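Input: a single structure, listed below in structure tokens.
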Amino acid sequence: MKLAAWRALRAILMALGTAVLLAALLLLLANLWVLGETRERIEHDLPMCRAERVGIVFGTSHWTRSGVRNPYFEARMSAAAQLLSLGRVDHLLLSGDNRTLSYNEPITMWRDLRGREVPETAMTLDYAGFSTFDTLARARQVFGVERALLVTQAWHLPRALFIAEALGIEAQGCAVSTREVRGQWRLAAREWVARLATLGDLYLWGREPHFLGPREPLVIVPQRLPPQGWADDTPGPPAERR
């Protein structure tokens with residue numbers, strides 16, 4: 016009886032071990048695929064990023080859970096303003112989460128960039144960018160973006176570029192520099208899993224964005240940043256859309 020129980024336990028452990036190994040192999044192969052397909056389209060030197068009419072800026076929280084300013088948010092806003100100033104982009108599509116009345120990433124980005132003297136006419140807000148997938152699907156289907164420069168951290172760009180290409184956007188990545196933060200390994204681990212999930216979204220279960228709505232083609236006017244000391248007399252942020 017004990018021998019039979021041991022054999023059964025050993026078979027179960029072997030099956031579990033095999034499943035774990037297969038899952039790890041699948042995770043590794045998925046990441047190698049995504050990274051290999053996108054690494055040639057990522058520029059780490061901001062002034063050298065390829066010029067595009069539209070820069071897509073991905074939303075993130077303004078604050079960390081510890082109550083300090085999020086360095087990822089700061090880096091993305093700084094890079095977006097610089098790209099516009101350098102003439103690498105003509106227009107910024109600010110896409111983020113606005114699923115509750117008290118949390119609004121696009122408006123927060125808009126206000127921050129206005130504080131950096133980015134003209135209101137150089138920005139469009141997307142209030143339904145609940146995820147990387149949603150941001151890029153809406154950029155293509157709602158805002159009519161066919162080519163874009165993606166503005167975010169280097170660890171995020173491979174997945175964003177992979178999704179963009181699958182959805183019909185010809186995109187390049189502009190990696191923004193960010194200081195190391197505590198617990199960054201958890202973020203990196205989550206991104207590895209997210210890349211695998213992305214393959215399922217695109218090729219297995221046919222993910223769709225949470226919300227699309229009517230088409231709103233971007234109105235893009237080439238422009239330069241105003242000089243230092245320019246007076247901000249705009250009435251306020253665009254009305255929120257839910």
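Taken in order, the sequence shown gives residues 16 to 257; the numbers are from our numbering.
Yeah, the Cβ is synthetic: ideal placement off N, Cα and C, and Gly gets one too.
Since the structure is predicted, the reported quantities are computational estimates derived from the model, not experimental observations.
Distance, residue j Cα to residue i Cα
i: A23; j: F88; result: 52 Å
i: A143; j: G228; result: 10 Å
i: R194; j: D127; result: 19 Å
i: V191; j: H225; result: 28 Å
i: L182; j: T53; result: 14 Å
i: S93; j: L217; result: 31 Å
i: R103; j: A66; result: 4 Å
i: R153; j: P134; result: 23 Å
i: S76; j: G82; result: 11 Å
i: P39; j: C189; result: The sequence as given places Ala at residue 39; Pro does not occur at that position. Rounded to whole angstroms, A39 to C189 spans 30 Å at the Cα level.
i: W84; j: M124; result: Residue identity check: residue 84 is Arg in the sequence provided, not Trp. When rounded, the distance between both Cα atoms is 13 Å.
i: L37; j: Q199; result: 26 Å
i: E132; j: D105; result: 14 Å
i: R114; j: K17; result: 56 Å
Whether residue i touches residue j by CB criterion (7 Å)
i: R172; j: I27; result: Rather than Arg, the amino acid found at residue 172 in this sequence is Leu. Going by C-beta atoms, L172 is not nearer than 7 Å to I27.
i: V69; j: L108; result: yes
i: T136; j: V236; result: yes
i: V49; j: R210; result: yes
i: P1; j: G159; result: The structure shown does not extend to residue 1, since the chain is modelled only from 16 through 257, so no value can be given for it.
i: A179; j: A169; result: no
i: V196; j: P86; result: yes
Cutoff 6 Å; reference residue i; Cβ partners in own chain excluding five residues on either side
i: V208; result: none
i: R155; result: L182, G183, I184
Cβ neighbours of residue i in the same chain (closer than 8 Å, five flanking residues each side left out)
i: F73; result: R91, S110, G111, G144, T147, T150, L165, V166, T167, H171, A175
i: D141; result: L108, L109, S110, G111, P121, T150, R153, A154, V157, F158
Contacting residues, own chain, Cβ-Cβ under 7 Å from residue i (five flanking each side not counted)
i: L101; result: P62
i: Y118; result: D112
i: F177; result: V49, E52, T53, T213
i: A45; result: R210, L211, L214
i: W78; result: R84, N85
i: Q97; result: L61
Residues sharing a beta bridge with residue i, DSSP
i: Y118; result: T115
i: R155; result: Paired residues: none, contrary to the question.
i: H106; result: V69
Open item on the list: Closer than 8 Å is the cut-off here; do at least three beta carbon pairs connect the stretch 157-165 with the stretch 20-34?
Closed with: no
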